[in-house]
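Counting from 413, one number per residue, gives the positions in the sequence shown under this note's numbering.
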Amino acid sequence: MDWRDRAAAELAAKAVRRVRPSGLATLLVGERQEAPAEALAAEGAIVTRWDRRVYGGRPASARPSPGPYDLILLRLPRSKPELDMTAQMLTGVAAPGANLLLYGAKDEGIGSAPARLEGHFVSGGALEIGGHCRVWRLQPRAKPEVPARTELTDWALHFDPGIGGLSVDWVSYPGVFAHGDLDAGTRLLAESLEKVQGVRRVLDFGTGTGVLGALHQAAVDHAEVDLLDSDAIALEACRRNVPGANVLLGEGLSGVEGRTYDRIVTNPPIHLGKAETLDIVSELISEAPGVLSKRGSLWLVIQKRFALAQPLGESFRDVDVRAEDATFRVWEAARPVHRRGVPRGRKTR
Numbered sequence: 413m414d415w416r417d418r419a420a421a422e423l424a425a426k427a428v429r430r431v432r433p434s435g436l437a438t439l440l441v442g443e444r445q446e447a448p449a450e451a452l453a454a455e456g457a458i459v460t461r462w463d464r465r466v467y468g469g470r471p472a473s474a475r476p477s478p479g480p481y482d483l484i485l486l487r488l489p490r491s492k493p494e495l496d497m498t499a500q501m502l503t504g505v506a507a508p509g510a511n512l513l514l515y516g517a518k519d520e521g522i523g524s525a526p527a528r529l530e531g532h533f534v535s536g537g538a539l540e541i542g543g544h545c546r547v548w549r550l551q552p553r554a555k556p557e558v559p560a561r562t563e564l565t566d567w568a569l570h571f572d573p574g575i576g577g578l579s580v581d582w583v584s585y586p587g588v589f590a591h592g593d594l595d596a597g598t599r600l601l602a603e604s605l606e607k608v609q610g611v612r613r614v615l616d617f618g619t620g621t622g623v624l625g626a627l628h629q630a631a632v633d634h635a636e637v638d639l640l641d642s643d644a645i646a647l648e649a650c651r652r653n654v655p656g657a658n659v660l661l662g663e664g665l666s667g668v669e670g671r672t673y674d675r676i677v678t679n680p681p682i683h684l685g686k687a688e689t690l691d692i693v694s695e696l697i698s699e700a701p702g703v704l705s706k707r708g709s710l711w712l713v714i715q716k717r718f719a720l721a722q723p724l725g726e727s728f729r730d731v732d733v734r735a736e737d738a739t740f741r742v743w744e745a746a747r748p749v750h751r752r753g754v755p756r757g758r759k760t761r
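Dropping the structure here:
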């Protein structure tokens, strides 16, 4: 876990003890650490959680439960558009006079975050400062000049991804990977995929808005396309972009237990907040043979600075580079090594 997450969570817990929320209906949003939830419980708050992303086995959803909530704790989201959307959606479940505690690290932008929300929130100043983090106290404005957009559908962004086979009315939401654009890595992978005859069962891992899965669905009649992501809001975009595909919410390949695929395609996530990690990539490579058919393959795009030949070679008999540009490299790994004693669809560790 990144130091920012630990430090921000500890400071939020300190702020909770200052607020003393005994008996208050409280919503904890986007927090992966346990310190704030434990502090709320110790102070006698009635705690509900909302996470849009699956983490540590906790459930996730695209919208918060209705409330109303007297106190809301919001871990600073990853991007400014996600902050805008999340904060405005939260005004729809806040009780009159509710307090919002917004917290995060300085290099994540917590210092300027209240100014971004001033159209819908009044700042009560910093409640806690420490560990290169800050906790702000805010309250929803009773009469904002512009009404808050409290429904997820209010935030749908429509754009043309500019690649054949995809709708020109593609949908994304704030906080989804490459929001409002088709990133260069996904484009390179999409353009380098070989013909898909015989590829009937496809998993788009870390699907985002569903680009790679949609291309396979368009190319193969009666294709069985699964779109897997840990972000419930990303899957809302997928439902609109790739009708007929099967959307799966989960962490890693544990979300597809019991299924077998002819191909896995992915532009895998390599960030957890601001921190960079290859944990998800390494786990995917290790576990992919467990959900692939004997002639199945893994197509993966990643920055060229990451060397994947060795780990791919440990899980697949054939490993090739199919395309690359100045930044990205597309790998194809075929003929998976099905290890004895490891049932398909089950984790190998």
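Using N, Cα and C, we set each Cβ at its ideal position, and we do this for glycine too.
Q.
One question on the structure: do residue 443 and residue 487 come within less than 8 Å of each other, judged by their Cβ atoms?
A. yes
Q: Let me know if residue 526 comes out buried or exposed under the rule of 16 or more other beta-carbons within 10 Å of its beta-carbon.
A: buried
(Q) Taking the alpha carbon of residue 724 as the reference point, which residue from 735, 715, 711 and 589 has its own alpha carbon closest? (A) 711
Q) Who are the Cβ neighbours of residue 433 in its own chain at under 6 Å, not counting the five residues just before and after it? A) 455, 457 and 483
(Q) Suppose you measure from the CA of residue 671 to the CA of residue 543; what does that come to, to the nearest Å? (A) 45 Å
(Q) Quick test of the definition: if touching needs 3 or more C-beta pairs under 8 Å, does the region 730–739 touch the region 711–722? (A) yes
Q) Among all the DSSP beta bridges, which residues are the ones paired with residue 635? A) According to DSSP, which records beta bridges pairwise, residue 635 is partnered with nothing at all.
Q) When we look at the beta-carbon of residue 641 and count the other beta-carbons within 10 Å, is it buried (16 or more) or exposed? A) buried
Q. Is the CB-CB distance between residue 421 and residue 448 below 8 Å?
A. yes
(Q) Does residue 618 come out as helix, strand or coil in the three-state DSSP assignment? (A) coil
Q: Identify which residue in 520, 436 and 577 has its Cα closest to the Cα of residue 460.
A: 436
Q) What's the call for residue 573, buried or exposed, on a 16-neighbour Cβ count within 10 Å? A) buried
Q: Please determine, among 539, 657 and 490, the residue with the shortest C-alpha to C-alpha distance to residue 625.
A: 657
Q: Determine the burial state of residue 503: buried for a count of at least 16 other Cβ atoms within 10 Å of its Cβ, exposed for fewer.
A: buried
**Q.** Coarse secondary structure for residue 706, derived from DSSP in three states
**A.** strand
Q.
For a quick check, are the C-beta atoms of residue 767 and residue 618 less than 8 Å apart?
A. Nothing in the structure corresponds to residue 767, since the chain is present only between 413 and 761.
Q. Per DSSP, what kind of secondary structure is residue 458 in: helix, strand or coil?
A. strand
Q) Contact check, residue 611 vs residue 637 under 8 Å by CB: the rounded distance? A) The Cβ separation is near 10 Å, so there is no contact.
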